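Student: First, the structure itself, so that you have it in front of you.
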Amino acid sequence: MIDPITVEVIGSALASIVEEMGEALIRASHSTNIKERRDCSTALFEPEGRTLCQAEHIPIHLGSFIGLIPHILKRHPVAEMRPGDVFIGNDAYEGGGTHLPDIVLAEPVFIEGRIAAWAVNLAHHSDFADRGHAHIYQEGLRIPPIRLYRAGELQRDVQELILLNCQVPRERLSDLRAQMAANRLGVQRYAALSAKYGAATVAEAGAALLDYAERKMRAGIAAIPDGTYRFADRHDSPEIEGELDLSVEITVAGDAMRLHFDGPPQVRAGINMVMTALQATVYYAVKAVVDPTLPPNAGLARPLTITATEGSVVNCTLPAAVNARLSTCQRVVDLILGALAAAVPGRVTAAHNGACVVASFVGRQPGTGEPWVYLETIGGGFGARATRDGLDGVHVHTTNTSNLPVEALENEYPLTLMRYELVEDSGGPGRQRGGMAIRRVYRAEADCRLRVDGSRLRSRPWGLFGGEPGGHGEFRFAPGVTPFALGNGDLKAGQWVEIITPGAGGYGPPEERSPEAVARDLAEGRISPETARRAYRALAPR
Amino acid sequence: MAWRLGVDSGGTFTDLCLFEEATGRIAVWKVSSTPDDPSRAIAEGAAEAIARVGGSPGDLGYFGHGTTVATNALIQHRGVRTGLLVTDGFRDLLEIGRQRRPDLYDLQVEKPPVLVARDLRLQIPERLRHDGSIETALDEAAVREAARALRAAGVAAVAVCFLYSFVNPAHEARARAILVEELPDAFLTASHAVAPEFREYERLSTAVVNAYLGPVMQGYIRRLAERLTALGITAAPHLTQSNGGVIGLEAAAAMPARMVLSGPSTGVIGAQAVGRLAGFPDLITFDMGGTSTDVALLPGGEPRLAGEAVLHGYPIKAPMLDIHTVGAGGGSIAHVDGGGLLKVGPRSAGAAPGPVCYGLGNADPTVTDANIMLGTLHPTHLLGGRLPVRRDLAVEAITRLAEQLGMEPMATAQGIIAVVTANMARAIRVISVQRGHDPRDYALMAFGGAGPLHAARLARELEMPRVLVPRNPGILCAMGLLLTDLRADFAATRLTPLAAGLAPMREAFAALEREATAWFAQEGIAPEAQRLRRSIDMRYAGQNYELPIPLPPGEPGPATLAALAEAFAAEHARLYGFIAEEDPVQLVTFRLEATGIVPKAQLPALPESGPDATAALAGERRVWLPEAGGFTTVPVYARERLRPGYRLLGPALVEQMDSTTLVLPGMTARTDAHETLILEEGA
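Residue numbers (full-length UniProt numbering), protein chains in the order written: chain A, 1 to 542; chain X, 1 to 683.
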């Protein structure tokens, strides 16, 4: 029986390894999406595919990680695997991925001739742009988990097939190399750790860390009052007409939690979620509510039972398109927070912005004619808390990417950023005010294609316990821009687009907000005099 | 000009180190700090210290000072009311930053407070393009109007940050000139003057931090200068910056953003000097105090310089030593968490009530309590007898913890040490393996009150071959102040392909050298004491993180480009394991490091005695050492009686007033000619 101190010491070393892998990946990569926006993740897995340790990058990436190793094992006999084999995959149905741009590389760590662990990393390649989303075959190249390297030897045929299907192959190649470098480090470090403590001890510590996460998760759930909690909301997207009803039913019984999700049948649009995406989303939300310090490993999932209606937007089946699943994931988190508000009101928040707002530009560089693809996701409001205002202008829930500096953006792409600011009155009024939305205005310097995506365009992020909803999202276009269809359209040189993300809901009745806070919000232009009067019943000065 | 004085002003103590130039004699002195006005303790301590060695204030030829005034004002948000002028459309850049939230999972997290209120962030119509050309000319009337509004709002400082000012500073410079006219008494910072590099948010944050702290630093420096003058000290005081070099008071007052690591950086410089003298220049420093620990890497004997760091939540672009801090030290509290694992920190017992063994009411066991229970620290008193401790209380507290864990009490105490050692090892991996360096190639320099006690186990954990403990580990920062040169760093960002880099390179360095010349003149540095070092941040076109590559000496020519390409490829391969031959290489930022060599304290070598250390033996005590199978009788040596040449076999303890060094079984310790204790594996 391994002692708790050795477990803690080895746990520290494992966390060091995944962090180091992440740093190497970010620093060696070429695409802005990874090097500046850090849209990538690194992890170590047990031989059977349970998460041992994930670096703190992007929660939704866990979704791709969960399914990957089992899919590899299903296709490839372990007996045929060799040191230096590297598997590549991205498919949502056969590769364990959650959408095609997230390409995962996995390399087994061999200790004394046996697989002791897997080094895995994921990078969001901003490619597969300007595609269709009626079904997954339109969304890009589907890669089942196959060998990119065989015993250290690059499989050029495979690489060439993949690169030919990408719009910016050179950037893909550089990023794949950075991914290779990151895994190589993970393999070396894990082997060194095993050499030091003994492979059996490290494996035992790994198992104990999973048990530890499970114990902490169970203790946290046990502190939530038993009962069944329900919540429903309406989802929307530029890709579809109308709105979709989503709902959750959460049953807390002792130290276990059951979550069942329901939604309409999967749609011919990219907003469907595969089961692994749903699982990763639930793990994020429950960890955040129950105990944010839980180690992000597979142990925390044991007390949770997750189900969802098969073939629905929250648990889709082949051939549903999945590219824009993140907005749906964000809504799933809000559903969970809304349901648990009745059980643990002090630990949840009002609705966050409920969207993953994306602007994806595709064009050719003036002069050289080189193709370029630039994708960015934009944050918004963070829901108000029981004792604190929501955060203004941040990435929330299952995503946490950085924005690209304006001084890098304009240098690399024919775009000019004209405004980048918080949006007045977008934070839902409440005793605690919801977080504010972001406005970004881009001007095209050369003709390009643009795809805009998001949610909360038709509804507003709800408030809690008397708090009012936050502002909705909106896309505005320069006069003369041909109306966009399903979020897709063209910008001519000199034309602009204005993207406003959703804000977030308030918490508690606005009239209970302290007059000082209302006065400060008013002086700082966070709320308008009209809102001060209407929602807060404040006599606006000036 | 007989004495040199170094003063390190910390939160609890002000350490002073005096050095007599003629004899090489070192005298140290410690007084309580006066946090309301740190200059009071500094002046009083200086007067006392000089009097004790029989000198007078006029005998001081050099006064070096490390201060936490800037850092503390930033942590406690005690800067001044600050206004900000930004490019129209970017009012909220300071607040939005890079859009990332501070914690991934914590729904109750807060962002660090924004240093400029939204209504004091004013937008100015003006816009440059990425090549520095003007798209919208500066609206001077709007600047004047904004300046008046800020004056009416009572700001004491104003920062200006426009897009692309690092390429073309004209708009910022003009706006600053208008601000000077309208707000003659305010502290002004233009972003191109503090951080002329790309990435607008980080440059903006730096300018704002600088303006916010400026008047605080100016006031402090004025008071300090007055007190020193009143004492009769005629030597011009020098302050350390985050880059480990010192600058004059005037330069320090203008650039507080460059002072935030003033304190810890001098410890690294002191360690560098001690390591060189010992013949082990490749160091990892390990400065473990009561609540936090600083570690840094010195490859090739030089501390690594970082161009940017996030300090207390605020990005600062300034040349600073690459120092990594962890929130764990001797006072960190051990506890069993909800999942049954033993955790140490981040909560700390601080100086009061302090560890359980102080008997001042704290019942939560700390790292210090574990050491008292294990016998590695003296069971009845600390600080050379000045601080009585109660082992029984420490044992009681740790036994309670052991019951929760289901482990033996002694194993639990040892477990606290193992966990804290693992935390420290993780910090050292961040600054070594994560930067492509193998700790096994380095010596561990242990200082701070708790460093020498934990260093041997930490070195073993990381397979480092040796540990160095300086003669006075508790005052290494103050001593470092006597060993540091004058230093300023200049930089300019000019994104250019390597192949076409020769002309921009020559131009950029010529401009930087003009700046350096002006600085040399301002600091009064004689030509023979001037040193310049050039480097270029390079990357593959498309990457966004650069690698600093030293520029070969001499006038740059075509051969320089080839040499740069080769050096860059080698560094990239070392760090990332591959070279992208087909990708063009870019030059990004040109850097010039200007050093004014000052005469430094020359620590004399002492004659060696034989290896027999019996004369330093002060006693023995029972110490729990798992390496020796449990309780073992361990000889205790008095540090002040260790002569150069003495050798000790582990297990052994070496005690001195403010620190204890543990030598593990299987290790040998020897004292070198500068009285540095060197621990190595083997006999």
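Quick reminder that beta carbons are idealized off the backbone N, C-alpha and C, glycines included. Since we're looking at a predicted model, the values are computed, not measured.
(1) Smallest Cα separation from D291 of chain A: which of A:G466, A:H352 and A:E214?
(2) Does the Cβ-Cβ distance between F280 of chain X and R466 of chain X come in under 8 angstroms?
(3) Let me check understanding here. Comparing Cα to Cα, which of A:N272, A:H57 and A:T281 lies closest to E36 of chain A?
(4) Distance check for T349 of chain A and Q188 of chain A, CA to CA, integer angstroms please.
(5) For Q404 of chain X, would you say it is in contact with chain A, using Cβ-to-Cβ distances shorter than 8 angstroms as the test?
(6) Counting only the same chain and skipping the five closest in sequence on each side, list residues whose C-beta sits under 7 angstroms from that of F568 of chain X.
(7) Using CA coordinates, which residue listed in X:K111, X:R91, X:T671 and X:A2 is at the minimum distance from D389 of chain A?
(8) How far does the alpha helix (DSSP H) with C356 of chain A in it extend, from its first residue to its last?
(9) Please report how far the alpha carbon of L193 of chain A lies from the alpha carbon of A200 of chain A, in whole angstroms.
(10) I need the straight-line Cα distance from A601 of chain X to R25 of chain X, nearest angstrom please.
(11) Assuming I269 of chain X contacts I428 of chain X under a Cβ cut-off of 8 angstroms, what Cβ separation, rounded to an integer in Å, is found between them?
(12) What does F520 of chain X reach in chain A if we use C-beta pairs closer than 9 angstroms?
(13) At a CB distance below 8 angstroms, what residues from the segment 420-439 of chain A approach chain X? Give them in sequence order.
(14) With DSSP collapsed to three states, give me the class of F361 of chain A.
(15) Apply the 10 Å Cβ neighbour rule to G232 of chain X and answer buried if 16 or more other Cβ atoms are within range, or exposed otherwise.
(16) The alpha helix (DSSP H) with E21 of chain X in it runs from where to where?
(17) Across the segment 552-562 of chain X and the segment 4-12 of chain A, are there enough close Cβ pairs to call them in contact, namely three or more that are closer than 8 angstroms?
(18) Can you give me the C-alpha to C-alpha distance between Y545 of chain X and A351 of chain A, rounded to a whole angstrom?
(19) CA-CA distance, L606 of chain X and V326 of chain X?
(20) Taking L43 of chain X as the reference, give the member of X:A27, X:A652 and X:F63 with the closest Cα.
(21) Run through DSSP, which three-state label would R268 of chain A get?
(22) Assuming Y413 of chain A and F465 of chain A make a contact with CB atoms under 8 angstroms, what is their CB distance in whole Å?
(23) Hey, would you say A320 of chain A sits closer than 8 angstroms to I136 of chain A, going by beta carbons?
(24) Helix, strand or coil: how does DSSP classify F520 of chain X here?
(25) At a CB-CB cut-off below 7 angstroms, which residues of chain X make contact with L391 of chain A?
(26) Looking only at its chain, what residues have a beta carbon closer than 8 angstroms to the beta carbon of L340 of chain A, apart from the 5 residues adjacent to it on each side?
(27) Give every residue of the same chain whose Cβ lies closer than 7 angstroms to the Cβ of L14 of chain A, excluding the five residues on either side of it in the sequence, and list them in chain order.
(28) Are the C-beta of Y212 of chain A and some C-beta of chain X separated by less than 8 angstroms?
(29) Can you tell me the Cα-Cα spacing of G682 of chain X and M657 of chain X, whole angstroms?
(30) Measure the CB-CB distance between L138 of chain X and V158 of chain X and report whether it falls below 8 angstroms.
(31) Which first and last residues belong to the beta strand (DSSP E) in which R419 of chain A is found?
(32) Ignoring anything shorter than 4 residues or poking outside the segment 36-118 of chain A, list the alpha helix (DSSP H) runs there in chain order.
(33) I443 of chain A versus chain X: which residues are under 7 angstroms apart at the beta carbon?
(34) Please list, in chain order, the chain X residues whose beta carbon lies closer than 8 angstroms to that of R215 of chain A.
(35) Tell whether a beta-carbon distance below 8 angstroms holds between R223 of chain X and D36 of chain X.
(36) Using 8 angstroms as the threshold, is the C-beta distance between residue 557 of chain A and P529 of chain A below it?
Tutor: By the coordinates alone:
(1) A:E214
(2) yes
(3) A:H57
(4) 42 angstroms
(5) no
(6) M538, L547, I549 and V585
(7) X:K111
(8) Here C356 of chain A belongs to no alpha helix (DSSP H), and DSSP marks it neither H nor E.
(9) 11 angstroms
(10) 10 angstroms
(11) Incorrect: roughly 19 angstroms between the Cβ atoms, too far for contact.
(12) Correct list: empty, because the minimum Cβ distance to chain A is about 31 angstroms.
(13) Y420, E421, L422 and I438
(14) strand
(15) exposed
(16) Segment: none, E21 of chain X is in no alpha helix (DSSP H) and carries neither H nor E.
(17) no
(18) 36 angstroms
(19) 36 angstroms
(20) Residue identity check: residue 43 of chain X is Ala in the sequence provided, not Leu. Closest option to A43 of chain X, Cα to Cα, is X:F63.
(21) coil
(22) Rounded, the Cβ-Cβ distance is 44 angstroms, inconsistent with contact.
(23) yes
(24) helix
(25) R101 and K111
(26) I224, Y229, I250, V289, R347 and V348
(27) L44, L52 and C53
(28) yes
(29) 28 angstroms
(30) no
(31) L415 to L422
(32) 61-75
(33) At residue 443 of chain A the sequence reads Arg, which differs from the Ile that was named. Residues of chain X passing the Cβ test: none, with the nearest at roughly 10 angstroms.
(34) G338, G339 and G340
(35) no
(36) With chain A running from 1 to 542 in the structure shown, residue 557 of chain A is simply not present.
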